[in-house]
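J.:
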Amino acid sequence: MNSKILKFDITKNIKKISKVIALLFLIYILIDLLLILFKVDTVKIFKSIPLIFNFIKNNFQNISSQNFVLMMLFFTSASIFIFPIPFDLAFIGFIHETNFPIKVILFSFIGQLIGQHINYILGRFFGEKLENKINKKSKAWIENKFNKYEKYAIFIFNLFPLPFPLLNFISGLTKFNYVKWLVLVMIAMFLRLSIYAMFF
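If you count the sequence shown from 1, position 120 lands on 116 in the working numbering, and the numbers rise without skipping.
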């Protein structure tokens, strides 16, 4: 079998995905502006969904009754991109059910940071495996686009409740500079958790 057949051109697909992500981001910003404009009580809405709220509340009570290290482990596992766990909602639930919000922020931050390292490392690992499967044209296009925009995407995705675990996996996949990645993730993640703690 011709080895060229095994190569695949993903440029067009990535362009489509980028447009979808941009559209979702704009929708998210619009919804946030509407919530602020009409002074919607997001905590009240969150509590009105008993299935999610009670699940998070019960898990918080079980976790915090033992120690905050378990909370850190929860956020570590929840931050790995292959596990679709709504950790942002969990964080808000934990904040509202504790007398130690600083500890929740600290252990959540550490747990999520560990989880994002796992995503990044998995991306580096699979990047080596996929590198030979992508044709030169697609590879050049990906590297050009990510080198140009990825630092902004990393910061924005980790600042807002967007699928940042997947983006951090892609950062590893594209071999984005580790130190730059770490600084962007830490700043954005700390700001996101602080905003949740203060306003939600």
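Just so it is clear, CB atoms sit at the ideal spot from N, CA and C, and this is done for glycine as well.
Source: prediction; values computed, not measured.
My assumption, with CB atoms under 8 Å, is that Leu180 sits in contact with Lys144. Please give the rounded CB distance.
T.: On the sequence shown, position 184 is the one that residue 180 refers to. On the sequence shown, position 148 is the one that residue 144 refers to. With a Cβ gap of about 15 Å, Leu180 and Lys144 do not count as contacting.
J.: Under 8 Å Cβ to Cβ from Leu126, same chain only, skipping five residues before and after it: list those, please.
T.: Start at 1 with the first residue of the sequence shown, and residue 126 comes out as number 130. Hits under 8 Å: Leu169.
J.: Is it buried or exposed for Met185, if we count other Cβ within 10 angstroms and need 16 for buried?
T.: Locating residue 185 in the sequence shown gives position 189, counting from the first residue. Burial call: buried.
J.: If contacts are defined as beta-carbon pairs under 8 Å, then Ile88 and Pro97 qualify, I think. What distance do you get, rounded to the angstrom?
T.: The sequence position of residue 88 within the sequence shown is 92, counting from 1. The sequence position of residue 97 within the sequence shown is 101, counting from 1. About 11 Å separates the two Cβ atoms, so there is no contact after all.
J.: Please return the same chain residues whose Cβ sits closer than 6 Å to the Cβ of Ile106, not counting the five positions on each side in sequence.
T.: Sequence index remark: in the sequence shown, residue 106 carries index 110 (1-based). Counting only Cβ-Cβ distances below 6 Å, and skipping sequence neighbours, we find Met68.
J.: Let me know if Asn140 comes out buried or exposed under the rule of 16 or more other beta-carbons within 10 Å of its beta-carbon.
T.: Here residue 140 is taken as the residue at index 144 of the sequence shown, counted from 1. With fewer than 16 other Cβ atoms within 10 Å, it is exposed.
J.: Are there 16 or more other CB atoms within 10 angstroms of the CB of Ile150, so buried, or fewer, so exposed?
T.: What you label residue 150 is simply residue 154 of the sequence shown in a count that begins at 1. By the 10 Å Cβ count, Ile150 comes out buried.
J.: For Pro97, name the three-state secondary structure that DSSP assigns.
T.: The residue given as residue 97 occupies position 101 in the sequence shown. Helix, per DSSP.
J.: Report the rounded CA-to-CA distance for Lys171 versus Asn164, giving the unit in angstroms.
T.: Here residue 171 corresponds to residue number 175 of the sequence shown, with the count starting at 1. Here residue 164 corresponds to residue number 168 of the sequence shown, with the count starting at 1. For Lys171 and Asn164, the distance between alpha carbons rounds to 10 Å.
J.: Excluding the 5 residues flanking Gly119 on each side, which residues of the same chain have their C-beta closer than 8 Å to its C-beta?
T.: Locating residue 119 in the sequence shown gives position 123, where the first residue counts as 1. Result list for Gly119: Asn164, Phe165, Ile166, Ser167, Gly168, Leu169 and Thr170, in chain order.
J.: Kindly give me the distance between the Cβ atoms of Met182 and Leu109, rounded to whole angstroms, as I take these residues to be in contact under 8 Å.
T.: For this step, residue 182 is matched to residue 186 along the sequence shown. For this step, residue 109 is matched to residue 113 along the sequence shown. At roughly 7 Å, the Cβ-Cβ gap stays under 8 Å, so Met182 and Leu109 are in contact.
J.: DSSP on Lys171, reduced to helix/strand/coil?
T.: Numbered from its first residue, the sequence shown carries residue 171 at position 175. Of the three classes helix, strand and coil, the one that applies to Lys171 here is coil, per DSSP.
J.: Take the Cβ of Ser190 as the centre, count every other Cβ of all protein chains shown within 10 Å, and call the residue buried at 16 or more, exposed below.
T.: Taking the sequence shown and counting its residues from 1, the one referred to as residue 190 is at position 194. Looking at its Cβ environment, which holds fewer than 16 other Cβ atoms inside 10 Å, Ser190 is exposed.
J.: What residue range is occupied by the uninterrupted alpha helix (DSSP H) comprising Leu158?
T.: The sequence position of residue 158 within the sequence shown is 162, counting from 1. Careful: Leu158 lies outside any alpha helix (DSSP H) and carries neither H nor E.
J.: For Leu178, which of Val100, Pro159, Gly111 and Gly123 has the nearest alpha-carbon?
T.: The residue given as residue 178 occupies position 182 in the sequence shown. For Leu178, the nearest C-alpha among the options comes from Gly111.
J.: What does a CB cutoff of less than 7 Å around Phe64 pick up in its chain, not counting 5 residues either side in sequence?
T.: Within the sequence shown, the letter at position 68 stands for residue 64. Excluding positions up to five away in sequence, the list reads Lys99 and Phe103.
J.: Shortest alpha-carbon distance to Leu158 belongs to which of Val175, Tyr174, Arg188 and Asn173?
T.: Sequence index remark: in the sequence shown, residue 158 carries index 162 (1-based). Among Val175, Tyr174, Arg188 and Asn173, the Cα nearest to that of Leu158 belongs to Arg188.
J.: Assign Asn154 to one of two classes, buried (16 or more other C-beta atoms within 10 Å of its C-beta) or exposed (fewer than that).
T.: Residue 154 sits at position 158 when you count from the first residue of the sequence shown. Buried, because 16 or more other Cβ atoms sit within 10 Å of the Cβ of Asn154.
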